[in-house]
Amino acid sequence: MKLCSVVLMTVVVAPMVCSQLYGDPEPCPGNLLGKIYTSSTPKGNKTAGKYLNVGEDLDLNGCIAKCCTDEQCNVVFMVNNTCYEIECVSNELCQPVRRAEAKFKNVRMVLIRPVVKRFPWDDLSELSGDGNDIVAVSSEVDQVKSCDVLQPDECGNNEICISGVCTCKSGYERSADGSCVLSTDGGSSSTNSASKEGNILPSNVGDILLAGSKSLPDEKASDSEVSSPSPPKRIMVNVISKTVRLPENEVKLSAFTVPAEMPGLTSHYNYKWKLLSQPGGSAGNQATSEPQGPSLKLTHLTEGLYTFKVTVTAPGKYGEAEANVTVLPQKRENESPIAIVLPPHQMVKLPNSLAVLDASSSRDDSGISKYHWELQQGPLGYQPNLSDTQTLQLRDLKKPGNYTFRLTVTDTDGATNSTLANVTVLQVPDYPPEANAGSSIVLFLPRNNVTLNGSLSSDDKGIVSWEWTKSPSDQDKAVDMQNTRTPYLELSHLEEGMYTFVLKVTDNSGQSSSSDVHVFVKPPTNKPPIAHAGSNVSIALPQTWVVLNGSGSSDDIGIAQWKWEQLSGPRKAELSHFNESSTNVTNLTKGEYIFQLTITDGNGNSVADKVAVTVTQNKNVKPKANAGGDLELTLPLGVLVVNGSSSSDDLGIAKWQWSREPTSLAIGTIIEQSDTSPVLMVSNIVAGKYEFRLRVSDDQGEWDEDTVSIIVKPDPELKNLVELTLNIEAGKFTQTQRDSVLLKLGMLLRDASQLVVRNLEVDSSGRAVLVFYVSSPTGSVDGPKVVSTLKNKLAQDSFLLQLSVVDIRTTVCQNTCSGHGVCNQETRICYCEAFWMQDLIRKYMGDGESDCGWSILYVIIGLLSLAFLSIAGI
């Protein structure tokens, strides 16, 4: 290729130090492609977007810096020395296209920010649909030099750092060698004098753009677009947040702007700093700033986070930014942790294999963050899996020897410390077991069974197996052996002679031991005992008891045990002293009983004898009724109980019948058909006198009667009882709600008062009704007073009990109706006597209680008087 052909040349555009206001992505040069395209025009020519003439006194660097400050600028377009900003319609229409004609020699393009942020300029090759090559800057083009506004010395002579690009000062222009020299026009023009009034491109620029397109935008449209009011310019402000660590308590914040404030301008930036937040309790902090300056000096800072806001204003311009000052606590001097293992030395005796190492006593000034265990020394082949926990449990110490474990603790600053713990595992000697079959035993026939006890056998580690056998010399002797694998051997059907039995015990190591025991079976030395329960007995009612005497029993060596028991009879009798020679039998009735006496001698020989007891009835005796005696009770009563079970009969009572006397109160319900049982139960009792008659009959038709009188006194708290009707169905009223209501009622009353619940009822509508009264150290509180107190407090807040209240009233209506009427218990309305009526003033203007306070006669007289006065007044 020829040397005159244009080659791609990459120019690194200096990064800007500011971030876009309100958190927008960095406008320039973060999205700047970093290339200068020479002899190139936008692919869309004049239709690529809006062209804005910025001025003729800007070099390429100044034109780039100007575009960086305009959010609407996408591309810098330089024709000769005139700078244009292009607000592109799309990335593709602004794609630079190489022009080979000579008139494009002084045309340059720089891609500043893409139209669509998610399609950067680097992706133009993907967006382009034609085959035009994107050309780059030639080697003769000036390179853009980047700078940091915080370090202005990076720029050369007669240069200042503006928007991250070294730009010639006012009155200077960049020469061909890249240095800034005095402008040929004396520096009379400035970047701010660039005309923005007309958007009609000069003819030479129009011709350049027409070279790639035959369709031109309407001239009027261009004029109208430019003549519209320009929006306020945004000043991009950046303040770098600072972090300091105590004891340093001073810091300086500086605000940087794009565009920067140009020297020599008549309008200046105004800076206003504001403290947004500071650490709690930092009222003593002092923050001072230079008047209208871009810097803020902070002193006397304390630990925490400070947030500041700076606002920068100028005529037609505005910008703001926030910054944080983080004050870290003063570094402390870390102390190394101390590793402690408890116990440091311990001993484990096999077969135990568990050991515990506890490191919880380790300490550090800032706290331990890690525990690490490792085996320092141990028996060959021992490879434990140790967990890095505070408490280490070793469960596999099955080999004797010395185990050494190292604990390393690490604190929050990374400092470590270690210590050792020793565990010694001992192999304890295993001694053989010692068998003990017990002492020799002598039996006398006919006793032929016995139990051998080998539980006294012992071993240091424990016996694992037991085995009973006959001696080899006794293999032919008859005997039944049971439980031969237990410490207790049961023998039966022994015959006269000597037996030898062998007990063998084995421990868990397989070691064993044996022991012998002898059983001598002797012929009988005495005769079996003779039982004599006595002669048969016959008694006649009404006697219901008898004494049975077995003292006539005998044995040649003595009777060791007596036992009386009933074998049969019409009903169960009661035996006292059934384990003695004589017993008293009671609770007998007509019929025949069989009792048995069993006696046992010292050799275990037993024998039994029976005796019959016959109970007859020569003459029937009528039963004796006993209603239980008169009673005096006080309401409230849930159930009235009258006990007639003390009634008696020689054979037994066959029928019970309770009835109410004519003079008895009729109210009261007999429950569970108890009027035909020994015990009468009556519910719904009221105050008054109850009389009941009990008739008892035997199975032969004889009967007897007894009466009982019961005086039921009124409830002493009747006039103090209060009924609280809650607006909740009784079927949904839970125990928790009941307890809550009682607790809140107690709080509404005086502290010294105690609420006593009498009952929980259901009214006719199915709502729950709580019946209670209030007691105090001086006695019960009057019911009307309690009602008045609760009504007044609930009137202030009807939901004090969490459940709404339907009604509060005394259980008994205590309205006297002014002495001229009767109060209805249900409706609580007074039924007045003749010539008396309700006090209308009290009813409609007072408390609304019903009464009979007005005389009808006086009311009529009063009305006639009023009528007469009214007529007279007319």
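Heads up: the sequence shown is residues -19 to -1, 1 to 855, going by mature numbering (1 follows the signal peptide of the UniProt record, and there is no 0).
Built from N, CA and C at the ideal position, the CB exists for glycine as well.
Note that the structure is a prediction, hence the values are computed from the model and not measured.
Annotation for I575: the continuous beta strand (DSSP E) segment containing it runs G572 to D582. Of all C-beta pairs linking the stretch 675 to 689 to the stretch 732 to 750, fewer than three are shorter than 8 Å, placing the two stretches out of contact.
Between L74 and A46, the C-beta gap is not smaller than 9 Å, which leaves the two residues out of contact.
The stretch 720 to 727 makes no contact with the stretch 802 to 816; the number of CB pairs closer than 8 Å stays below 3. The beta carbon of S341 sits closer than 7 Å to the beta carbons of Q371 and T372 from its chain, once the five residues preceding and following it are set aside; these are given in chain order.
The three-state reading of DSSP puts M243 in coil, since its state is none of H, G, I, E or B. For I444, the CB contacts under 8 Å within the same chain, skipping 5 residues up- and downstream, are P414, S438, V486, T487 and D488 in chain order. In this structure, D392 and P318 form a Cβ contact; the two beta carbons are roughly 5 Å apart against a cut-off of 8 Å. Taking all protein chains in view, the Cβ of E704 is crowded by 16 or more other Cβ atoms within 10 Å, so the residue is classified as buried. With a beta-carbon spacing of about 5 Å, L475 and V502 fall inside the 8 Å limit used to define contacts. If you keep only unbroken beta strand (DSSP E) runs of at least 3 residues inside the stretch 725 to 806, you get 735 to 743, 748 to 757, 786 to 791 and 802 to 804. Pairing S534 with S494 gives a Cβ-Cβ distance that is not under 9 Å. Counting the other Cβ atoms within 10 Å of the Cβ of A236 gives 16 or more, which makes it buried. Partner residues in the beta bridge of W543, as assigned by DSSP, are I580. For G854, the enclosing alpha helix (DSSP H) begins and ends at I837 to G854. Note on the stretch 378 to 449: whole beta strand (DSSP E) runs with a minimum of 3 residues are 382 to 392, 397 to 407, 422 to 425 and 431 to 434, in chain order. Approximately 4 Å separates the beta-carbon atoms of D536 and P510; this is inside 8 Å, confirming the contact.
If you check the CB distance, L569 and G550 come in under 9 Å. In this structure, DSSP gives C813 an extended state, which the three-state scheme calls strand. Secondary structure at R89: strand, using DSSP grouped into helix, strand and coil. Straight-line spacing of the CA atoms in V406 and H326 works out to 11 Å. Taken through DSSP and simplified to helix, strand or coil, P275 comes out as coil.
V622 and C798 have their C-alpha atoms roughly 39 Å apart.
Apart from the 5 residues on each side of it in sequence, R387 sits with its Cβ closer than 6 Å to the Cβ of E355, Q357, S399 and L401 in its chain, given in chain order.
If you check the CB distance, T792 and G747 do not come in under 9 Å.
Below 8 Å, enough C-beta pairs join the stretch 748 to 764 and the stretch 695 to 712 to call them touching: three or more.
Setting aside the 5 residues that flank it on each side, W835 is surrounded in the same chain by W817, M818, Q819, D820 and L821, each with a C-beta closer than 8 Å to its C-beta; the list follows chain order.
Shown here, Y825 sits in a helix according to DSSP, grouped into three states. Unbroken beta strand (DSSP E) runs of no fewer than 3 residues, entirely contained in the stretch 476 to 525, are found at 478 to 488, 493 to 503 and 518 to 522, following chain order. Counted as a single uninterrupted DSSP element, the alpha helix (DSSP H) harbouring A46 occupies residues L41 to T50.
A straight-line Cα-Cα distance of about 20 Å links G261 and K278. Under the three-state reduction of DSSP, L707 is assigned to strand.
I841 and D788 have their C-alpha atoms some 36 Å from each other. Under the 10 Å beta carbon count, S490 is surrounded by fewer than 16 other beta carbons and is classified as exposed.
Around the C-beta of I648, fewer than 16 other C-beta atoms lie within 10 Å, and the residue is accordingly described as exposed. Distance from the CA of A554 to the CA of Q718, rounded to the nearest whole angstrom, comes to 54 Å.
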